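Chains as they are written, first to last, in the numbering used here: chain A, 78 to 193; chain B, 0 to 114.
The beta-carbon is built from N, C-alpha and C at its ideal position, and this holds for glycine as well.
Bear in mind that the values here come from a model prediction, so they are computed numbers and not experimental data.
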């Protein structure tokens, strides 16, 4: 069964500083990988996704992520964070079950705090 | 296009009762998935419906059930509520047939509190 690990429960970053959120996955084949963001009391918003091809993917709000097969990682990065980026970030892995959406497996999330 | 909508947004029930949650997917989307989010267990997949049929199911007891209507709207039912069912229930829709690569778009969720 696939699994996702987000090693950092909380991360604090100063506004304007760079950000990297870590995500490691366990899956036998090439996974489908996603990063979602959740603001308090809200649903999940998709930031970016990786299916195949270029291992560096660009997302919304200035985020990017790099798929590294050798490290089973899909880390999320942003060069300069804004106070509005404070939220919960989830990495998720999906798989091609051949029969439709087999349910995403999510990590436990990383809570991002932005210091002024 | 309107996003995924879920009703009600908040719900309070007592143990032993049952509850029905509703989800309207993005127009044109035929697949609807349900997830439970709790502080302890995180986000967990409940089930997925496509064309009124349950295609995939997570590891939840039979008290959790769902259905999908011909207009792709979906309902989720939880019978004999337990305190541990208190959670945020998220619905996600995706365009349709195919593997998980079809990106899932999430609604705002229904927050259920069981007393």
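Taking C-alpha positions only, residue 80 of chain A is separated from residue 104 of chain B by approximately 21 angstroms.
Here residue 113 of chain B is near residue 82 of chain B, since their CB atoms are less than 8 angstroms apart.
Taking a Cβ-Cβ cut-off of 9 angstroms, residue 61 of chain B has no neighbours in chain A, whose nearest Cβ is about 17 angstroms from it. DSSP places residue 80 of chain B outside both helix and strand once states are collapsed to three, so it counts as coil. Taking one beta carbon from each stretch, the segment 83 to 90 of chain A and the segment 132 to 151 of chain A have fewer than 3 pairs nearer than 8 angstroms; the two do not touch.
Assigned with DSSP and collapsed to three states, residue 23 of chain B falls in strand. The segment 5 to 13 of chain B and the segment 24 to 37 of chain B do not touch, with fewer than three beta-carbon pairs separated by less than 8 angstroms.
Among the residues facing chain A, residue 15 of chain B is not included, as its CB has no counterpart in that chain under 8 angstroms away.
Per DSSP, reduced to three states, the secondary structure at residue 146 of chain A is helical.
At the C-beta level, residue 65 of chain B and residue 75 of chain B come within 8 angstroms of one another. Between residue 112 of chain A and residue 165 of chain A, the alpha-carbon positions lie close to 11 angstroms from each other. Interface flag for residue 145 of chain A against chain B is unset, since no Cβ pair is found closer than 8 angstroms.
The C-alpha of residue 91 of chain B lies about 13 angstroms from the C-alpha of residue 36 of chain B. Taking a 10 Å sphere around the C-beta of residue 118 of chain A, we find fewer than 16 other C-beta atoms and assign the residue as exposed.
DSSP places residue 139 of chain A within a helical segment (H, G or I) once states are collapsed to three. The alpha-carbon of residue 107 of chain A is positioned some 43 angstroms away from that of residue 15 of chain B. DSSP, reduced to helix, strand and coil, places residue 73 of chain B within a strand of the structure shown.
Within the segment 85 to 115 of chain A, the runs of beta strand (DSSP E) at least 3 residues long that lie entirely inside it are, in chain order, 87 to 91, 96 to 98, 101 to 103, 109 to 115. Taking 8 angstroms as the cut-off, the beta carbon of residue 183 of chain A is found closer than this to the beta carbon of residue 41 of chain B. The beta carbon of residue 57 of chain B falls within 8 angstroms of a beta carbon belonging to chain A, placing the residue at that interface.
Checking the DSSP bridge columns, you'll see residue 55 of chain B partnered with B/47.
Counted as a single uninterrupted DSSP element, the beta strand (DSSP E) harbouring residue 12 of chain B occupies residues 9 to 12.
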